[in-house]
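Input: a single structure, listed below in structure tokens.
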Amino acid sequence: MTQGHRRDRKKKRLLYGAAAAVVATATIGTIAVASPNLLGATGDTKAAAGDASLQSQFANAAREFDVPQSVLMAVSYRQTRWESHDGQPSVTGDYNVMGLTKVDPEDVEDSNEHIEHLVNGTGDPSIDKKIDKKKMLAPLPKATVDTDDPKLHTLDKAAELIDSSTEAVQNDASASIRAGAALLAEYQKQAGAELSEEPGDWYPAVARYSQSEDRRTADQFAKRVFESIKTGEAEITADGEQVVLPADPTVEPVKPANVPLAATSTATTATTPECPTGLVCNFDPAAYVEGKGNYNIASRVPYGTGGFDIRQIVIHDIEGDHAAGMSVFKDAEKWASAHYIVDYDGRTTQLVETKNEAFHAGNKTVNMHSIGIEHEGFAIKGGGGWYKEPQYDTTAALVKYLAAKYKIPLTREHIIGHDEVPGPLDRLAGGVHWDPGPFWDWNRFMAKVGAPTGAGGAGGLLTAGQTVRVVPPFTSANQPQVTYTEKVDGVIVRKTAPAQPTNFGYLYTEPNSSSATIKDPYIAGVIWNSGDNWGNKVVAGSQYVVAGTSGNWTAIWYGSQKAWFYNPGGQYTSLVNTAKTVVKPVGTTAIKVYGRAYPDRAAYTGTGVPVQDDPENGTKNEDPLTKYTIPAGQAYVAAGAEVAGDYYSSAYNKDGTRVQGTTKFIPIHYNHRIAWVQSKDVQVVSATAPVATNNRYNVLARDASGVLWQYQGTGNASAPFLNRYRVGPGWQAYNAITPMTALRADGTGDAVARDASGVLWYYQGSGNPSSPFKARLRTGGGWGVYDRIIAVRDVTNDGRPDLIAREKSGVLWLYKGTGTPATPFATRIRVGGGWQTYNAIVSTGDLSGDGKADLVGRDASGVLWSYKGTGSSTTPFATRAKVGPGWQAYNTIVGPSDLSSDGKGDLIGRDAAGTLWSYKGTGSLTTAPFATRVNVGPGWQIYNLIF
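Basically the working numbering = 1-based index in the sequence shown + 5.
Okay, here's the thing in structure tokens:
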């Protein structure tokens, strides 16, 4: 899409027609104000409320319609990844969890706007000026869509099968699942197959459910479904629900000789397509006519091999369907092509051999060194439009194949969207495209190609100078308001779309959403919250250098500006390595930024290729983007290796001439888009090291539904915790959980947990803050005899964590640690009786500063007593000392270790109102061991356990 693109739309126009503009809200996420930004996003609360809802709906529908639950769940997973999308349609008219289709005549329009989108020239101004613009933009014969085709009305059919309204099946996940189950059963019956309990017998229904008229594509979908059944799947949906499909390694699909399809088609190919084994792929060549389009013959080579290499893969959308794209790419007057098109059902068509230069990106340098993949669909359609799982699956497989073939790194610097391609010159910079749009889930896609972005991580403290990858979650926590324009009775009206996850966050001039968003000088007049305003958006997966932090806001260097985005607890960023990938200007003056990397003028001498000046438009070969600079002191992340400027001059039906200069360029993440700087103008340095995590301490908390949350420590006594992070559900199984060692921000720290049957389980720290525990180990039974189990760090001073347990009679026992998680404790040792006097016993770590673990206990009158550790296993504690009264105000007391980074153990307590208080340790157990308490914040009453 270009600026000003798509203006005349109806509500849900699909397949053909313009996609509307978009507007988003002021922040990436929505904060719940339960405790100064600590209790997280509203989506988190929803997650805690209903972890089994979808799971039970699948189970119920499977029983009702005699469909194996694994088949029903796997079909849904391979259609939508169990996402409801709040009842909004996909780019091709699919709805809700089961991806059922409903496309009516009013949803379809052949507007020919795909021509304007796809026909953006060769990216080479010297060629583009020769193009007959009238012929290039001429309308094509109108395509027709048979909206009576049953494959476009599976939702209608399925709703009829369950005697429900189509509105309910569109909007309600439970109705969608029931309808999908009924449709699968109907397809199985139509195939003459039994409603078997064996998942492998359901191949006919699964293949038919793909709605593909191509037998190979239906088979491809079925194989993916049965792969999910065989290996199992687990997801947390955008709404925060945990859904699990258990693995069934024994499943073997039984494929009958004849499988009914939604329709039939015949695919032929004369040229063998370049696709991975197992991918359904045809070759249907783009037009190639002497003196016209639609691509250049070349002999491109793998990345980094020193020749005319391929460096990037560019993701596009067609702004229409397969036929719309082919109608353009088959017309040599359009001067447009792509290497591949991926259809809604996962079929792939190759149009241009990858060794050749396709005209897809609107930038000559990018076209010369990239492969373009188009997708059926729209960037924004009727205020939304999500992409189906078959497209993600197929494109991921194709990208992995091409990356391996051409040695392209699987990073977001090399796998980019069309929206990240810069305009090559001033006059073109404001009209660049912004597909695949805000609803392409980059985090999901990169995970599928085997290169996760780090999205969904625990976050952490950030500091100026370090590099981060921006990864806003594609979940209900990140649903900026979106508006779009639509022509109503001849008048363009801006409308608000339903809330839905997006792949971007807004950038502001100050660390708050009340300030103005930043502006890009090439599109300064575009409304700040318009969808085509790429100038103030940071998209998932891009890397930047941190310019500053302020609470839950992070600043990055972006387009020569210090731009702020909402980043709660650092969880909307992931850390990247600190290798020499940061470029800074040399000297004290601002340097130039380029939209293309052309060779120096001298390089053209003797090649027969003219210097690429354009006197008619007043531009020269070496022109930069004059409205962009990088001021001294700013820093940007390199988006690839240093390269020599080059230009490829084509020849008809044979290789042309490549001019390579001596001027060296480095691609960078400049703003929303890639740009280039000249090597001579910059110094390449290492990023600042990340903030240390081995000296900060966490607290974990369990809510009423059993979800465990992690509060990463900041090391700051006045604000000791970052925003909470969801560890996972299921912890309601335990009636006691206690940390064996201090839980640190680096993901280390062990814990033990006792279940209702008295079995003790050991959780070893993983060293990964985003998944802090390894799989649990069964320690043994019989622990139900104790009314208190408290891990006390290394109370015996032998370097191994220990545990104490109190019987109901008040006798305290010491379990000396062995250092082996599978058999963590030696035979118990009797400490002594009388401990029933305490209604709270708390492990504090070292409070006295002598290197030995201490303990505190609160008696029934609210007096707190301290027990200084001795380091002895026979008499582990010295005589108690009175700390003081008044501690009955707290229903929970926890000793999380050193929260204030002063080397002294601290304490926290939660009062009856749910307010959390911190007590900074003084380092003394004899006089005033704690300083005056500090209010951490309210809202902690939602937890039934804090440790």
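Quick reminder that beta carbons are idealized off the backbone N, C-alpha and C, glycines included.
Query: Taking the alpha-carbon positions, what's the W340 to S535 distance?; Result: 29 Å
Query: Does the Cβ of T106 have 16 or more other Cβ atoms within 10 Å, making it buried, or fewer, making it exposed?; Result: buried
Query: Have a look at the DSSP bridge pairing and note the partners of T554.; Result: T559
Query: Can you tell me whether N896 is helix, strand or coil according to DSSP?; Result: strand
Query: Expressed to the nearest angstrom, what Euclidean distance is found between the alpha-carbon atoms of P615 and E627?; Result: 13 Å
Query: What is the DSSP secondary structure of I951, reduced to helix, strand or coil?; Result: strand
Query: Which word fits Y657, buried or exposed, when buried means at least 16 other C-beta atoms lie within 10 angstroms of its C-beta?; Result: exposed
Query: Give the DSSP bridge partners of T578, in chain order.; Result: V475
Query: Note down, in chain order, each residue of its chain lying with its Cβ closer than 7 Å to the Cβ of G55, except the 5 sequence neighbours on either side.; Result: Low confidence applies here, because G55 scores a pLDDT of 38, under 50, leaving its location unreliable; read the following figure in that light. Within the same chain, G55 has close Cβ partners E246.
Query: Where does F935 fall in DSSP's three states?; Result: strand
Query: How is the alpha helix (DSSP H) around G914 delimited, first residue to last?; Result: Taken as a continuous stretch (DSSP letters only), G914 belongs to no alpha helix (DSSP H), being part of the beta strand (DSSP E) at 911-916.
Query: Where does R805 sit, in a helix, a strand or coil, going by DSSP?; Result: coil
Query: The alpha helix (DSSP H) that contains R707, what's its start and end?; Result: Where R707 is concerned, there is no enclosing alpha helix (DSSP H), although the beta strand (DSSP E) it sits in stretches over 704-708.
Query: Would DSSP call R182 helix, strand or coil?; Result: First, the residue type needs correcting, since residue 182 is Ile and not Arg in the sequence shown. Three-state DSSP puts I182 in a helix.
Query: Secondary structure at S923, three-state DSSP: helix, strand or coil?; Result: strand
Query: Work out the CA separation of P503 and Q225 for me, nearest whole Å.; Result: 33 Å
Query: Taking G837 and L817 to be in contact with their CB atoms under 8 Å, please state how far apart those CB atoms are, rounded to whole angstroms.; Result: 6 Å
Query: In terms of residue numbering, what span does the alpha helix (DSSP H) encompassing A637 cover?; Result: Taken as a continuous stretch (DSSP letters only), A637 belongs to no alpha helix (DSSP H), as it is neither H nor E.
Query: According to the Cβ coordinates, are V404 and I318 closer than 7 Å?; Result: yes
Query: Take R217 and list the residues in its own chain whose beta-carbon comes closer than 6 Å to its own, dropping the five residues that flank it on each side.; Result: According to the sequence shown, residue 217 is Ser rather than Arg. Result list for S217: A223, D350, in chain order.
Query: So G128 packs on V371, CB below 8 Å; how close in whole Å?; Result: 7 Å
Query: Could you check what DSSP says for D686 in three-state terms: helix, strand or coil?; Result: helix
Query: Would the stretch 90-100 and the stretch 382-396 be scored as touching if the rule is three or more Cβ pairs under 8 Å?; Result: yes
Query: Alpha carbon to alpha carbon, how far is V704 from G720? Give it in angstroms, no decimals.; Result: 12 Å
Query: Taking its Cβ as the centre, do 16 or more other Cβ atoms sit within 10 Å of I33, making it buried, or is it exposed?; Result: Confidence is the limiting factor: at I33 the pLDDT is only 30, short of 50, which leaves the residue's position unreliable and the question unanswerable from this model.
Query: From Q471 to N557, what does the alpha carbon distance come to, in whole angstroms?; Result: 17 Å
Query: Kindly indicate the opening and closing residues of the alpha helix (DSSP H) around A66.; Result: 58-70
Query: A329: which of A252, V150, N263 sits nearest, CA to CA?; Result: V150
Query: Return the chain-ordered list of same chain residues with a C-beta closer than 8 Å to the C-beta of D760, the five sequence neighbours on each side being excluded.; Result: A738, Y739, N740, W766
Query: Could you work out which residue in F450, P695, Q639 is closest to L467 when comparing CA atoms only?; Result: P695
Query: Compare the Cα-Cα distances from V543 to each of G530, T522, A529, T171 and report the closest residue.; Result: T522
Query: Among all the DSSP beta bridges, which residues are the ones paired with W340?; Result: None, per the DSSP bridge assignment.
Query: Out of D431, A917, L157, which one is the CA nearest neighbour of D112?; Result: L157
Query: From the DSSP output, in three-state form, read off T746 for me.; Result: coil
Query: Quick one, which of T490, V888, F830 has its alpha-carbon nearest A924's?; Result: The sequence shown places Tyr at residue 924, not Ala. When each option's Cα is compared against that of Y924, the closest is V888.
Query: Report the three-state DSSP secondary structure of W945 (helix, strand or coil).; Result: helix
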